[in-house]
Each structure stands twice: as structure tokens, then as C-alpha cells.
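So the numbering used here is basically just the index in the sequence shown, starting at one, shifted up by 576. Down below is the structure, laid out as C-alpha cells.
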Amino acid sequence: MKLLKYFTLVLLILSCKNEEAQIMQHGYFNSSTREFNSTRINWRIIVPEKWQITTIDTIKSQLERGLDKIELKKSDDHLKHNINISYLIAFNKNNRNSFTAFLDEAQYEKANFEKVTRNSKNVLLEQLEKQGIKADTTWSKKRISDIDFDVFDLLIDIPNTENDFHQQYYNTFIDDKYLTILIGYDNSEDKTELLKTLNTSSFIK
């Protein structure tokens with residue numbers, strides 16, 4: 577139950593309630609080569625074999641199923657925002673091992689980018705604590721294809737499970753847009769594959 581609450585919490589905080597948003601609305605996915613090319617930020621990434629594309633309908637369904645199981649409601653103050661999130665690409669093996677990339681196109685000033693990034697993570701940590709979920713966190717910097725990212729790493733202690741759950745948030749300000757790449761994994765094999773996928777992606781300036 578706590579695991580379901582946690583996933584719903586993350587989706588509520590980081591997902592947009594934009595009914596028109598669709599996975600790959602802003603890019604092209606070649607099912608033969610498994611290559612995704614974004615038309616919004618000139619980003620190219622290869623989706624690994626055996627990982628399935630996640631549809632926006634699936635994400636919405638997860639939100640609806642979990643809303644009544646957590647304390648957060650759509651009317652909560654910290655969920656009232658004017659952001660416009662566009663999903664780029666999402667793929668998964670299961671509900672713990674997944675990759676999601678999206679753009680928040682709110683008009684942030686670049687100088688406030690770090691503050692916005694950290695505040696959103698503080699909200700997440702506060703809500704995890706309310707749910708009785710323990711999490712260790714670290715911040716770091718990462719450079720991918722000549723783009724600098726702030727990386728927020730969560731290690732989640734999910735009761736009554738064998739493996740720890742990790743989430744990594746890669747955030748950067750690119751082409752006047754706020755890009756978030758969210759990676760989740762609970763085993764070393766999928767971690768290696770997800771990080772290799774991200775690290776070999778390319779941003780074309």
C-alpha cells in the first residue's frame with residue numbers, strides 16, 4: 577500500500593493535469609530503430625530493447641486509482657500551479673523500473689532555476705515523511721552531451737520489500753525550458769541499462 581501511495585505522490589507532484597498532453601507529442605519514435613527524436617529540445621535517445629513505451633493514458637490511470645489512497649488532493653495549495661508540462665518520452669519494464677522525460681514550460685528566470693528545482697524536491701520529501709516513508713537523499717552535478725544537470729538522488733526504504741528503490745531526477749534549463757528526466761530502478765541490471773541509455777543520448781545545439 578505504501579508503495580502505491582509513493583508512486584501516486586510522485587505523479588501528483590511532478591505530473592501535469594493537461595488533458596491534451598500525449599507521450600511523444602513533441603517528437604518522433606521509430607519503432608524499428610527504437611530511436612526517439614524530440615522536436616522541442618533537439619534531443620536524441622535510443623529506447624533499449626525489452627522496455628515498453630508508457631502511454632499518457634497509463635500515467636493518468638495511475639493517478640486516478642491512487643488519488644483516494646493518499647492525503648494529497650488536487651486542491652492542495654502546493655499542487656496549484658500554472659506550469660504546462662509536455663511529456664517527451666516514457667518507457668518502463670514495470671512500475672519500479674522506468675524512465676520518463678518531460679518539459680515544464682513555465683516562464684522561470686534562469687537565475688531562479690536552482691531554487692525552483694530544490695523547492696519541488698522539498699515538497700516531495702515532506703509528503704514522503706507524512707506517509708511514513710523513509711528516504712535518503714543526495715545532490716550532485718552531471719554533464720551529459722555537453723549539458724549540465726542537477727541530479728537529485730532518492731533512496732527509498734519501502735517496508736516489506738527485498739530491494740531498495742532508487743529514483744534519480746536529472747534537471748536542467750535548456751532552450752528556456754525546464755527539463756526533468758526521472759529514472760527509477762530497484763536492481764543493478766536495470767540501473768546500468770537506464771544510465772547507459774541516458775548517458776549515450778545526445779543534445780544537439
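Cβ coordinates follow ideal geometry from the N, Cα and C atoms, glycine included.
Contact between Tyr745 and Phe728 holds: their C-beta atoms lie close to 4 Å from each other, under 8 Å. Looking at Ala711, Glu705, Phe741 and Asn747, the one whose alpha-carbon comes closest to that of Asp724 is Asn747. In this structure the stretch 662 to 679 does not lie against the stretch 705 to 712, because fewer than three pairs of beta carbons, one per stretch, are closer than 8 Å. Note on the stretch 748 to 774: there is no whole alpha helix (DSSP H) run with a minimum of 4 residues.
The beta-carbon distance between Thr776 and Phe675, rounded to whole angstroms, is 13 Å. This is too long to meet the 8 Å contact definition.
Rounded to whole angstroms, Val699 and Phe749 show a C-alpha spacing of 20 Å.
The closest CA to that of Ser607, considering only Ser764, Trp627, Glu769 and Asp740, is found on Trp627. Counting along the chain, Asp724 sits inside the beta strand (DSSP E) bounded by residues Ile723 to Asp733. Straight-line spacing of the CA atoms in Ser614 and Glu738 works out to 37 Å.
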